[in-house]
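In what follows, a single structure is set out as structure tokens and then discussed.
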Amino acid sequence: MHEFIGLQKKWSISKSSNGSDFEMQRLVEHLLYLRGIITQQQSEEYLNTPESLYLPPSILTDLEVAITRVKKARDQKEKVCIYGDFDADGITGTALLIKAFLRFGISAIPYIPDRSSEGHGLNFGSLKKIASNGVKLIITVDCGTNDLEEISFAKSMGIDTIVTDHHASGMSESDAIAILNPKSELNSNKFDQLTGVGMALKFADALLSGEFEDWDDGLFELAAIGTITDMAPLVGDNRYIVNKGIQELRSTKNIGLLQLMASAKIDHASVSAENIGFSIGPRINSAGRLGDAIVAFELLTTHSTSKAIELSGQLEKTNLERRVFTEEHIIHCTMLAEKLEDIGNLLIVGDHDLNVGIIGLTAGKLSEKFGVPTAVYSIKDQVVSASCRTNTLFNWADALDTCADLLIRYGGHAQAAGFTCDISNLPELQVRLDAIAAEKFDPRFLISQGIIDAEATPTIVMRDAFPIMKLMEPFGIGNPAPIFLGRNMLVDEVVYMGKDSQHLQLKLRDHASIWTAIAFNQAWVEGTREADFVFSISISNWKGKPRLRLNIHDYFPVP
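Numbering-wise (this note's numbering), the sequence shown opens with residue 2 and increments by one.
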């Protein structure tokens, strides 16, 4: 690979399949090759996203037990509770199953715990409340796999539990009557990329598809939002779910989603994975971070226009507060990190009473800034609550597994996890995690080095590749949007944007056309009239008309 050094990071420029520059092949073939698409059959499957990518739920162990128990609840008119996590994955999954169960003939009760007072997953207090309502069956969404004591407690009160989840499973036996989790030792790993809402969708499919031809009406749009927001790889099953969900969203009748998109200034007719990831998902997540996650749930399930307007307004306000708090936390925790004599192989910082709904976002930003796996914690009543992130190949889930003896509770994924521990265990935990990072983390594998697909001007990309690039969507984790390097582009105009002038709007010229470009959180080198730009292309609809924009990832002035 060639290299390009920008002002933001180092970039590698991809070679074609025969090792030459991409001009030796057609640009489209080059882009497909870089994504592992080589044969005609692979190309047709990737570009057409056929229904064959969607795997049937029937291969899940415990599925028949779960269906039988739900049918019993329907026949005996038992009270059922859908118990979801408070992030966008759990909220959309809860909304999806509430909708599916209603179609199945069960008016289930939703329960989403409070992040700060109850934490992730099942807890004894919530189970007592649920039991007092006469509930006899709980179905979890995006949680429950490792809540062994809580499930046993529910059983002691006469409540059965069906777990739908996607988090890593321990080896201990559970009193749950069924566990629908691709990471469970009992289940096939064919679903191992699915999210919590993805597993909820499979369960809904199994319940409804035998009785209703249009079983999936309005369900895939919810699954798409949760899948993208939970940063799942958009390949295979997930690619089909998200692609179909986005098509649903473009003609949705869901009043809450329509109002949510209107609040975010998104034309629903052209909504994209990018819109979901950067605008819709964060608004849903904000409810669980700073407010009450049930607000977002109610927005997704309301049939009242006036209620949708009210709820979306609440989410908009909460999301603005989330942005302010996040910036404050990043500044504070950056100062704490910079005071350390040596950050080491892994960064752990925190303070008393930081907002537990914000520390995950803060950890992600610090991991990007310092280039190491990062945990940010809040201390309350001598208990440390931490969120962990990494932009490297370091595996937080595995690392926390090896330190389980020091932790009260932990869980999550390779790049995003969390834990609680007694404050007295924090020093030893820091030492052990740093040692694990030193042993397993190779700085050469930093993902902060970017990959450029090809050198090409915007005019060439639009002429030779853009129609096919639309079929390559949805873009996201596991299927990144193509990134190009445009050499010697002329700068006609620079406009500073944002309250702190931290963003740039540019007018750029290549050999044939003038382009509008946006550069987020990038400083401008004054006096630059010509530069090499690293860019991707996006199109949105504005008042019914397509609007094309270059997204600038990096640049370097030409002397």
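Here a beta-carbon is modelled for each residue, glycine too, at the ideal position from N, C-alpha and C.
Please read all numbers here as calculations on a predicted model, not as lab measurements.
Exercise. Beta-carbon separation of Gly85 and Thr69 under 7 Å?
Worked result: no
Problem set entry | Buried/exposed call for Tyr497, threshold 16 Cβ in 10 Å | exposed
Exercise. How close, in whole Å, do the beta carbons of Leu347 and Asp435 come, if the pair is a contact with beta carbons under 8 Å?
Worked result: 5 Å
Exercise. Start and end of the beta strand (DSSP E) containing Glu4?
Worked result: His3 to Ile6
Exercise. DSSP three-state call for Gln77: helix, strand or coil?
Worked result: coil
Problem set entry | CB of Gln194 within 7 Å of CB of Asn244, strictly | no
Exercise. Which residues does DSSP pair with Val164 in a beta bridge?
Worked result: Thr141 and Ile180
Exercise. Apart from the five residues just before and just after Pro234, which ones in its own chain have a Cβ nearer than 6 Å to its Cβ?
Worked result: Gln194, Ile478 and Gly479
Exercise. Roughly how far, in whole angstroms, is the beta-carbon of Ala297 from the beta-carbon of Ile285, given that I think they are within contact range, below 8 Å?
Worked result: 5 Å
Exercise. In its own chain, which residues sit with a C-beta less than 7 Å from the C-beta of Glu429, not counting the 5 before and 5 after it?
Worked result: Leu407
For this session: Identify, in the order they occur along the chain, each residue of the same chain with its Cβ nearer than 7 Å to the Cβ of His269, setting aside the five sequence neighbours on each side.
Result: Leu250, Arg251, Thr253, Leu259 and Met262
Exercise. Quick one: any contact between the region 73–87 and the region 99–116, if contact means 3 or more CB pairs under 8 Å?
Worked result: yes
For this session: Compare the beta carbon distance of Glu79 and Leu138 with 7 Å and say whether it is the shorter of the two.
Result: yes
For this session: Would you mind sorting Asp511 into buried or exposed? The rule is 16 or more other CB atoms within 10 Å of its CB.
Result: buried
Problem set entry | Residue closest to Asn182, alpha-carbon to alpha-carbon, out of Ala439, Gly361 and Val164 | Val164
Problem set entry | Length of the line joining the Cα atoms of Met490 and Lys370 | 29 Å
Exercise. By the 10 Å Cβ neighbour count, where 16 or more other Cβ atoms means buried, how is Asp399 classified, buried or exposed?
Worked result: exposed
Problem set entry | Three-pair Cβ contact test at 8 Å for the region 203–216 versus the region 43–61 | yes
Problem set entry | Opening and closing residue of the beta strand (DSSP E) in which Trp516 lies | Ile515 to Ala520
For this session: Return the Cβ separation of Ala155 and Thr146 in integer angstroms, given the expectation that the two are a contact with Cβ distance under 8 Å.
Result: Wrong, their Cβ atoms sit about 14 Å apart, outside the cutoff.
For this session: Kindly give me the distance between the Cβ atoms of Ala309 and Ala179, rounded to whole angstroms, as I take these residues to be in contact under 8 Å.
Result: Actually they do not touch by this definition, with Cβ atoms about 34 Å apart.
Exercise. With DSSP run on the structure shown, which of helix, strand or coil describes Ser379?
Worked result: strand
Exercise. Taking Ile484 as the reference, which of Gln503, Thr460, Ile452 and Ala74 has the closest Cα?
Worked result: Ile452
Problem set entry | CB of Asp454 within 7 Å of CB of Arg488, strictly | no
Problem set entry | Any chain D beta carbon closer than 7 Å to Ala270 | Absent from the structure is chain D; it holds one protein chain and no more.
Exercise. Per DSSP, Cys422 is paired with what?
Worked result: Val385
Exercise. What is the DSSP secondary structure of Ile553, reduced to helix, strand or coil?
Worked result: strand
Exercise. Where DSSP assigns a beta bridge to Val350, which residues make up the other side?
Worked result: Val377
For this session: In the DSSP assignment, find the unbroken alpha helix (DSSP H) run with Met232 in it and report its ends.
Result: Element bounds for Met232: n/a, residue is neither H nor E.
For this session: Identify which residue in Gln315, Asn396, Cys389 and Val384 has its Cα closest to the Cα of Thr421.
Result: Val384
Exercise. From Leu362 to Ile424, what does the alpha carbon distance come to, in whole angstroms?
Worked result: 22 Å
For this session: Within its chain, find whatever has a CB closer than 8 Å to the CB of Ile515; leave out the 5 residues flanking it on each side and keep chain order.
Result: Asp493, Lys508 and Leu509
For this session: Can you have a look at Phe125 and say buried or exposed, based on whether 16 or more other CB atoms are within 10 angstroms of its CB?
Result: exposed
For this session: Report the residue ranges of all beta strand (DSSP E) runs contained in full by the region 463–512; include only those spanning at least 3 residues, in chain order.
Result: 485–498 and 504–510
For this session: Measure from the alpha carbon of Ile409 to the alpha carbon of each residue in Asn255, Ala387 and Thr302, then state which is nearest.
Result: Ala387
For this session: Please determine, among Gly365, Ser379 and Thr460, the residue with the shortest C-alpha to C-alpha distance to Val561.
Result: The requested residue 561 does not occur in the structure, where the chain is confined to residues 2 to 560.
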